[in-house]
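Novice: Below: one structure in structure tokens.
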Amino acid sequence: MKNFYITTPIYYANGAPHLGHAYTTIFCDILSRSKRLLGHEVFFSVGTDEHGKKIEKNAIKNGLTPQFFVDNMSEQFKKMWKMLDIDYDMFIRTTNQRHINNVKQFFSKMLSNNDIYLGEYEGWYCIDCESFWSDSQVGEKKICPDCLRTVKKIKEESYFFKCSRYVEKLLNFYNQNMDFCLPKVQLNEMINNFITPGLKDLSVSRTNDNWGIRVEENTKHTVYVWFDALFNYFSAVNFDNEVYKKFWLNNDTEIIHVVGKDIARFHCIYWPMFLMACDMRLPNRVLAHGLIKIKNEKMSKSKHNSIDPVLLTQYFGSDVIRYFLISEIPFGNNYDYSFERFIERINILPHQLGNLLNRVISMLLQYFDGAIPTFSSLNLEDAKMQDKMFSAIKDYKKNIDNLNITEATSTVFLFVADVNKYIDDIAPWKLYKNNKFKELESVMSHLAHFLYVIAMLLSPILVNKHKIILNQLGVLDKFRKLEFIDKFGILNNCVVVKGELLFKTIDDKDIDNLKTLLNIDD
Ligand code: MSP
């Protein structure tokens, strides 16, 4: 069976995490947990990108050393991931000594192979984005196309990576791996916008940036942050020989980088070229998601329009935030966030899932003193529902195989809706009233099993709440594995208990109070 190495980008350690960072990380966490649920082995890495002029500037502004500043920032990210129940295997930091050694080694190797050469760079530089731009990109106003700040003309000695050596090879690689970058339009954009017009050699060092990894061969240079950052994916698995063998050297391991589409270019063009230059394996896939916007503007600290995921998570709990982000945002599309839409989406949880749990547990308590009846299948409707369950499981697995976790989630919620409808149609209370106990047993044993299946399939998203469902159903620990979900009868005689409310509905009257509490402007 295939292994997976799944990565988030490493976030710049120059500001606290926002909802956009939370989205990528939650996506990767759910993907990792889903793959594990299906029996795969997964290594999941996250981390922080800690070098660069911008970070040094920020640290100085706050009267701190850059190292102290990034230590503190990376802790904030770790805390956020803990709050959101992110179950990562590695938190990689670019100030980690082992990573620094790796970067130096790769830089030297490329230098000695003439993949990197010394030249002179002249261009428009955006200090905030740490990016150089061409004349046409900055336009007449001389502003950075990304952050819209004024750029500066800079001329400096720089090392360059010889892209021209690898363009042909890269295009061949794309041809043989048409799904390398998903959604597919991203790869076409990459080719049309960057490669076909002629890819310039990439400047990979700076002389005006002290807070970075020194080039051993010429210490007035530091390594360009993107060169440094991309190699985090190597450093994250290279610290342990077993992990390295299993998740990097092994060709049965699929390496998946999940990134925002604004940085897909670095992952689809430069990263494979760097790896080719070092004779190393290439990643299998870059998944490029859209950006979360607010009133159609990119969310960012500098625009003061970012949403604080800490406050949201403190109030609603991690499962709700995880569910919201994964079910609401179609992968690859930009998404315009609004608090109203957020509430509408999360209310699906109490209305659909909470309600289903409540109905099933209450009926089992009322009709059978809480003991789940021995599984039987007497009614035509029950048999039809079994088919729906099997097809939901099949679709779910197929979607996870295809990395479509948002679709996998909606498959489960469609089944939740089917089960609710099944209750309405068959009306177990009528069977009870009419003393049709055999039929009632059949219906209730199915309902208990369907809830169990739903809880298991949602376990990668609702990492806490799914346990409440399983506990209320009295599911034994040994059956909390995917291999049992199609085995009817395993819940025979389990005793259910009524427990805490699964999710609270947010009413219109709560919304205003919440806005104040969560610091949300209209
Ligand atoms: N440090 C680099 C990544 C290096 S990976 C080798 C970086 N950091 S970042 O903090 O600016 O952005 C990290 C990720 O967050 C990117 O994938 C970016 O797309 C994502 N997001 C930043 N703002 C976002 C939104 N508003 N919405 C969704 N994701 C966004 O780039």
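Once you know that position 273 of the sequence shown is 1293 in the numbering used here, the rest is easy, because the numbers rise by one and skip nothing. Note that the Cβ used here is the ideal one computed from N, Cα and C, for glycine as well.
(1) Below 8 Å on the Cβ atoms is my guess for G1310 versus K1281; work out the distance and round it to an integer in Å.
(2) Please confirm whether I1488 and G1519 have their CB atoms less than 8 Å apart.
(3) Excluding the five sequence neighbours on either side, which residues of its own chain have a C-beta within less than 8 Å of the C-beta of V1257, listed in chain order?
(4) Please list, in chain order, all residues of the same chain as D1272 whose beta carbon is under 7 Å from its beta carbon, the five residues on each side excluded.
(5) Alpha carbon to alpha carbon, what distance is there between H1287 and F1259?
(6) Spatial neighbours of I1312 within its chain, please: C-beta separation below 7 Å, excluding the five flanking residues on both sides.
(7) Could you please give the first and the last residue of the uninterrupted beta strand (DSSP E) stretch that includes Y1290?
(8) Can we count T990 as close to the ligand MSP, meaning its CB is less than 7 Å from some heavy atom?
(9) Hey, which residues come within less than 6 Å of the ligand MSP, measuring from Cβ to any heavy atom, in chain order?
(10) Can you tell me whether DSSP reads R1500 as helix, strand or coil?
(11) Compare the beta carbon distance of Y1546 and M1300 with 8 Å and say whether it is the shorter of the two.
(12) Just to confirm before moving on: does the CB-CB distance between Y1566 and L1207 stay below 8 Å?
(13) Can you tell me whether DSSP reads K1162 as helix, strand or coil?
(14) Please state whether DSSP places K1456 in a helix, a strand or coil.
(15) Tell me which residues share the same chain as A1079 and place their Cβ nearer than 6 Å to its Cβ, disregarding the 5 neighbours each side in the sequence.
(16) Could you check whether K1074 and E1150 sit closer than 8 Å to each other, using their CB atoms as the reference points?
(17) Just verifying my parser: in three-state terms, what is the DSSP assignment at D1532?
(18) If you pair each beta-carbon of the stretch 1432 to 1444 with each one of the stretch 1402 to 1409, do three or more pairs fall below 8 Å?
(19) Residues in the same chain with beta-carbon distance under 8 Å from S1054, minus the five sequence neighbours each way, listed in chain order, please.
(20) Got a sec, what are the start and stop residues for the beta strand (DSSP E) V1275 sits in?
(21) What residues are listed by DSSP as bridge partners for Y1145?
(22) May I ask which residues mark the beginning and end of the alpha helix (DSSP H) holding L1385?
(23) By Cβ distance, which residues of its chain are closer than 8 Å to I1583, with the 5 residues on each side in sequence left out?
(24) Using three-state DSSP, classify I1446 as helix, strand or coil.
(25) Taking the alpha-carbon positions, what's the L1400 to Q1492 distance?
(26) Who are the Cβ neighbours of Y1141 in its own chain at under 8 Å, not counting the five residues just before and after it?
(27) Check this for me: beta carbons of G973 and R1113, under 8 Å apart or not?
(28) Classify K1453: buried if its beta carbon has 16 or more other beta carbons within 10 angstroms, exposed otherwise.
(29) Can you tell me whether DSSP reads E1360 as helix, strand or coil?
(30) For I1112, which beta-bridge partners are listed by DSSP?
(31) If I'm right that D1199 touches R1365 with Cβ under 8 Å, what's the distance once you round it to whole angstroms?
(32) Does DSSP put V1306 in a helix, a strand or coil?
(33) For the beta strand (DSSP E) that contains T1027, what are its first and last residues?
(34) CB L1384 to CB V1278, shorter than 8 Å?
(35) How big is the Cα-Cα spacing for K1135 and K1124?
(36) Give me the residue from C1146, G1139, N1082 and F1457 with the minimum Cα distance to S1397.
Specialist: Based on what the coordinates show:
(1) 6 Å
(2) yes
(3) Y1025, F1063, S1065, M1110, V1263, Y1264, F1267 and W1268
(4) K1022 and N1023
(5) 22 Å
(6) L1039, G1040, Y1043, M1319, Y1355 and Y1357
(7) Per DSSP, Y1290 belongs to no beta strand (DSSP E) and is neither H nor E.
(8) The first residue shown for the chain is 1021 and the last is 1542, placing residue 990 beyond what the model contains.
(9) P1029, I1030, Y1031, Y1032, G1040, H1041, Y1043, T1044, D1069, A1249, L1250, N1252, V1279, G1280, D1282, I1283, L1311, I1312, K1318 and M1319
(10) coil
(11) Residue 1546 is absent from the structure shown; the chain starts at 1021 and stops at 1542.
(12) Since the first residue of the chain shown is 1021 and the last is 1542, residue 1566 is not available in this structure.
(13) coil
(14) coil
(15) P1086 and F1089
(16) yes
(17) helix
(18) yes
(19) I1420, I1425, A1428 and P1480
(20) Looking at the sequence itself, residue 1275 is Ile, so the reference to Val does not match. Here the beta strand (DSSP E) through I1275 covers T1273 to G1280.
(21) F1152 and K1172
(22) N1375 to F1388
(23) The structure shown does not extend to residue 1583, since the chain is modelled only from 1021 to 1542, so the question has no answer here.
(24) helix
(25) 28 Å
(26) F1152, I1174, K1175, E1176, E1177, S1178, F1180 and S1223
(27) As shown, the chain starts at 1021 and ends at 1542. That puts residue 973 outside it, with no answer to give.
(28) exposed
(29) helix
(30) G1067
(31) So it is not a contact: roughly 29 Å between Cβ atoms.
(32) strand
(33) N1023 to T1027
(34) no
(35) The sequence shown places Asp at residue 1135, rather than the Lys named in the question. The straight-line gap from Cα to Cα measures roughly 14 Å.
(36) F1457
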